[in-house]
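*Asks:* Before anything else, here's the structure in question.
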């Protein structure tokens with residue numbers, strides 16, 4: 003059994019599934035009086051028979067039968083399935099007190115006209131139908147359900163397990179740190195088209211800090227963020243990136259879940275941002291044969307096709323496969339810009355024995371176009387211009403001097419071998435390469451007439467490749483009354499990057515009131531950067547998770563060594579920097595019997611900084627520490643997870659710049675706040691996602707005028723609420739409707755003219771509120787021949803609100819306007 007296993011239920015193919023291992027069975031069973039177990043079922047698993055005949059304490063109020071069976075499944079641990087049509091309009095009486103589990107089920111069905119049949123480890127609730135030769139038969143039963151794992155799929159939106167925080171498969175309620183999980187079902191219901199968009203309804207996250215730009219995913223977390231710092235992980239391994247624009251991007255169609263680990267995480271992952279990281283979990287081969295084909299069209303001439311097929315290769319299921327593919331062609335809300343993508347991700351799992359598994363994960367992605375990635379002047383976008391405002395579809399670039407091409411490829415494996423009941427070995431490895439070429443003209447300043455934009459030109463040619471490896475030994479053992487999950491590991495990552503940049507300070511200007519394109523046919527460029535860089539990081543870590551009665555403790559420590567070698571090919575000079583850091587974490591959780599779990603934790607992190615200060619001394623890594631107090635609630639009577647957390651993070655040795663040659667490592671940022679997040683299945687048909695975050699982030703030490711202000715692009719408040727409901731009866735049978743609201747509070751957008759001269763003026767970015775909506779229809783409700791076909795429509799920013807994001811003066815962007823996507827999916 004998985005450590006800390008808790009039985010869940012979910013809605014699968016319009017059947018209510020409770021507490022069970024993934025199974026597909028078809029039962030044609032003779033009906034016996036309620037409560038009678040058939041003789042041919044004497045071979046039922048012993049643990050199931052014990053549960054079915056055990057005396058338990060039940061507390062199930064009178065309610066709809068489907069909801070009563072939900073409570074029964076949770077309280078008994080018995081897998082029960084019932085078709086929504088069978089139980090439609092039927093109520094169940096209250097069942098309370100100590101009694102045999104079977105007796106409790108009989109009482110729930112009393113007077114309903116329904117019967118239960120037992121097959122293998124499943125109880126099926128069915129109606130009577132007439133069979134051949136007068137026999138009474140039950141309808142075929144499709145039983146589906148699954149126990150959650152840290153990397154597997156989740157039915158619905160409520161994930162209960164993760165390995166992102168501990169590198170072991172651990173229940174979230176036993177993890178003394180805040181982790182938000184965006185499941186595959188949530189991504190699909192909201193039609194998120196990027197990792198960034200997937201995090202719109204996640205607490206503690208400022209997701210779209212670059213407005214409508216979609217080329218990279220760079221969310222800010224808990225008051226910290228930077229486009230140049232690492233935050234993206236996939237399958238627990240760092241997504242290597244170059245020092246410039248060679249940044250890989252994960253496609254949401256290829257991921258099973260997206261997890262946000264909040265706060266410092268160097269003890270687990272090495273160099274890391276203080277606010278947290280984002281870990282995408284890749285889709286893996288499945289034991290059951292399945293597949294889907296989806297076509298999507300939408301705003302800005304968006305056309306997209308995707309396929310996902312998986313299943314066993316061999317009869318014994320020892321070899322499994324999966325193939326995920328996607329093609330996209332789209333314009334954007336900005337004129338003369340496009341998005342294009344080709345994505346394929348084949349994978350194979352081999353299980354030669356029950357104790358050994360090897361999964362090979364690969365992907366190839368080509369983005370011939372990366373959409374709009376320009377910037378706008380502050381005056382005319384954020385601030386009112388006397389000449390008139392900049393149009394939301396305005397492009398500050400020029401198609402005559404514009405190009406983007408990214409090609410990325412990865413191949414790796416996850417190997418696990420259980421040596422004994424105590425020891426398990428794992429090795430995860432990935433090779434990743436990213437090649438990026440860009441060519442752009444962009445805003446440098448606004449002329450005195452307030453409508454002519456002065457522009458610069460930039461071209462880049464960058465390549466990054468490298469390997470990430472994580473070797474782990476896990477020991478599960480007891481010392482007296484203490485259960486241990488001990489982890490020892492060595493991880494290593496190496497990247498080799500090169501970049502060549504050409505820069506032109508003067509490119510043809512453009513009038514945003516009357517833009518003329520195609521004029522930048524000849525631009526003078528000069529060498530700007532020509533460098534090669536290698537980075538190697540090795541880390542040795544230990545961790546122990548201790549379970550003592552209702553207590554869970556977590557202790558961990560890690561030592562890292564980072565070596566950075568930078569060759570400046572323009573000056574024929576080499577800079578070598580060696581950094582060593584120690585990080586540690588500690589936390590505790592107490593699990594009350596009422597499913598409430600308060601926790602406390604402390605964690606540290608470090609982040610290497612390249613370059614030298616104003617005295618030509620090598621810059622030290624920045625360091626951070628966090629105190630976190632919180633409480634989690636995972637009720638057993640219904641499917642939900644509530645989390646509330648208070649965090650207090652201090653980052654020291656922050657680098658502040660007075661000029662290109664004057665860097666001071668004396669800065670400090672202090673961020674504290676409160677987060678609340680809830681994911682709830684109110685009923686088998688109704689889901690709610692809600693969150694609110696209050697962030698008090700402040701630059702407490704700096705050589706600039708930003709002291710006392712919040713860091714740039716950090717909103718003081720974010721909040722969101724999402725609700726969807728699936729109808730399963732009447733005229734609206736097969737229809738799912740949903741909607742949400744997102745609020746992003748005020749933030750600092752930079753300083754004018756800059757933060758390091760007298761008279762600098764802070765730029766305040768106003769708050770905004772956006773509304774989203776969706777509708778999905780199961781066409782099988784119209785015709786059984788279309789049972790596996792669904793049509794869906796999503797609308798984001800329903801009111802077409804115009805809003806602005808800024809990362810500095812003359813570095814602003816408009817957010818996405820109203821966007822509509824319509825998709826048609828066939829799944830089998």
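In my numbering, the protein residues as written are 3 to 830.
Glycine included, each C-beta is placed from N, C-alpha and C at the ideal position.
Taking 8 Å as the cut-off, decide whether the C-beta atoms of residue 741 and residue 179 are in contact.
*Replies:* No.
*Asks:* Between residue 495 and residue 535, is the Cβ-Cβ spacing less than 8 Å?
*Replies:* Cβ distance not < 8 Å, so residue 495 and residue 535 don't count as in contact.
*Asks:* Please name the residue in 676, 695, 702, 636 whose C-alpha comes closest to that of residue 668.
*Replies:* Answer by Cα proximity: 702.
*Asks:* Residue 274 and residue 609 look like a contact to me (Cβ under 8 Å); what is the Cβ gap, rounded to whole Å?
*Replies:* Contact holds; Cβ gap of about 7 Å.
*Asks:* Could you pull the DSSP bridge partners for residue 665 from this structure?
*Replies:* Answer by DSSP bridge pairing, in chain order: 659.
*Asks:* So who's on the other strand from residue 504, going by DSSP bridges?
*Replies:* According to DSSP, residue 504 bridges with 461, 529.
*Asks:* For residue 790, which of 830, 97, 754 has the nearest alpha-carbon?
*Replies:* Nearest of 830, 97, 754 to residue 790, Cα basis: 830.
*Asks:* Between which two residues does the beta strand (DSSP E) holding residue 68 run?
*Replies:* Not the beta strand (DSSP E): residue 68 falls in the alpha helix (DSSP H), residues 67-78.
*Asks:* Could I get the ranges of all uninterrupted beta strand (DSSP E) runs contained in the segment 296-331, with 3 residues as the minimum, in chain order?
*Replies:* The segment 296-331 contains these whole beta strand (DSSP E) runs: 304-314.
*Asks:* Would residue 297 be called buried (16 or more neighbouring beta carbons within 10 Å of its own) or exposed?
*Replies:* Exposed, since its Cβ has fewer than 16 Cβ neighbours within 10 Å.
*Asks:* State the beta-bridge partners of residue 600 as determined by DSSP.
*Replies:* BP columns for residue 600 point to 633.
*Asks:* Tell me whether residue 479 is buried or exposed, calling it buried when 16 or more other Cβ atoms sit within 10 Å of its Cβ.
*Replies:* Burial call: exposed.
*Asks:* Roughly how many whole angstroms lie between the Cα atoms of residue 309 and residue 795?
*Replies:* Rounded to whole angstroms, residue 309 to residue 795 spans 19 Å at the Cα level.
*Asks:* Take the Cβ of residue 345 as the centre, count every other Cβ of all protein chains shown within 10 Å, and call the residue buried at 16 or more, exposed below.
*Replies:* With 16 or more other Cβ atoms within 10 Å, it is buried.
*Asks:* So does the segment 245-253 actually touch the segment 430-441, counting three or more Cβ pairs closer than 8 Å?
*Replies:* Touching, yes, given that three or more Cβ pairs across the two stretches are closer than 8 Å.
*Asks:* Terminal residues of the continuous beta strand (DSSP E) containing residue 82?
*Replies:* Segment 81-85, the beta strand (DSSP E) holding residue 82.
*Asks:* What residue does the alpha helix (DSSP H) around residue 341 start on, and which one ends it?
*Replies:* It is not in any alpha helix (DSSP H) - residue 341 instead sits in the beta strand (DSSP E) that spans 340-355.
*Asks:* Report buried or exposed for residue 392, applying the criterion of at least 16 other Cβ atoms within 10 angstroms of its Cβ.
*Replies:* When all chains shown are included, residue 392 counts as buried.
*Asks:* Using DSSP with H/G/I as helix, E/B as strand and the rest coil, what is residue 818?
*Replies:* Residue state, collapsed to three classes: coil.
*Asks:* Going by other Cβ atoms of all chains shown within 10 Å of its Cβ, with 16 needed for buried, is residue 354 buried or exposed?
*Replies:* Exposed, because fewer than 16 other Cβ atoms sit within 10 Å of the Cβ of residue 354.
*Asks:* Cα separation between residue 251 and residue 217?
*Replies:* Distance between the alpha carbons of residue 251 and residue 217: 8 Å.
*Asks:* If distances are taken between C-alpha atoms only, which option among 125, 460, 571, 520 comes closest to residue 499?
*Replies:* The shortest Cα separation from residue 499 among 125, 460, 571, 520 belongs to 571.
*Asks:* Comparing alpha-carbon positions, which option in 381, 471, 338 lies nearest residue 1?
*Replies:* Missing from the structure shown is residue 1; the chain here goes from 3 to 830 and no further.
*Asks:* Could you check how far apart the C-beta atoms of residue 564 and residue 537 are, in whole angstroms? I think they sit under 8 Å.
*Replies:* 7 Å between Cβ atoms; contact.
*Asks:* Got a sec, what are the start and stop residues for the alpha helix (DSSP H) residue 334 sits in?
*Replies:* Counting along the chain, residue 334 falls outside any alpha helix (DSSP H), and DSSP gives it neither H nor E.
*Asks:* From residue 676 to residue 720, what distance separates their C-alpha atoms?
*Replies:* Cα to Cα, the separation comes out at about 11 Å.
*Asks:* For the structure I just gave you, are there three or more beta carbon pairs, one from the segment 396-406 and one from the segment 415-433, closer than 8 Å?
*Replies:* Segments in contact, no.
*Asks:* Please give the ranges of any beta strand (DSSP E) in the segment 750-804, keeping only runs that are unbroken, at least 3 residues long and fully inside the region.
*Replies:* DSSP runs (the beta strand (DSSP E)) wholly in the segment 750-804: 763-767, 770-780, 791-798.
*Asks:* With 16 other CB atoms within 10 Å as the buried threshold, where does residue 6 fall?
*Replies:* At residue 6 the pLDDT is 47, less than 50, meaning the model places this residue with poor confidence; the figure from the coordinates comes in the next sentence. Counting Cβ neighbours within 10 Å, residue 6 comes out buried, since at least 16 surround it.
*Asks:* Alpha carbon to alpha carbon, what distance is there between residue 550 and residue 600?
*Replies:* Taking the straight line joining both Cα atoms gives about 15 Å.
*Asks:* Compare the C-alpha of residue 605 against each of 265, 533, 169 and name the closest.
*Replies:* Per the Cα distances, 265.
*Asks:* Taking contact to mean 3 or more Cβ pairs, one atom from each stretch, closer than 8 Å, check whether the segment 222-242 and the segment 766-778 are in contact.
*Replies:* As far as the Cβ criterion goes, the segment 222-242 does not touch the segment 766-778, which means the pair count is below three.
*Asks:* From residue 746 to residue 770, what does the alpha carbon distance come to, in whole angstroms?
*Replies:* Cα to Cα, residue 746 sits roughly 6 Å from residue 770.
*Asks:* Using DSSP with H/G/I as helix, E/B as strand and the rest coil, what is residue 255?
*Replies:* Helix at residue 255.
*Asks:* List the DSSP bridge partners of residue 509.
*Replies:* According to DSSP, which records beta bridges pairwise, residue 509 is partnered with 457.
*Asks:* Measure the C-alpha to C-alpha separation of residue 483 and residue 557 and round it to an integer number of angstroms.
*Replies:* Cα to Cα, residue 483 sits roughly 18 Å from residue 557.
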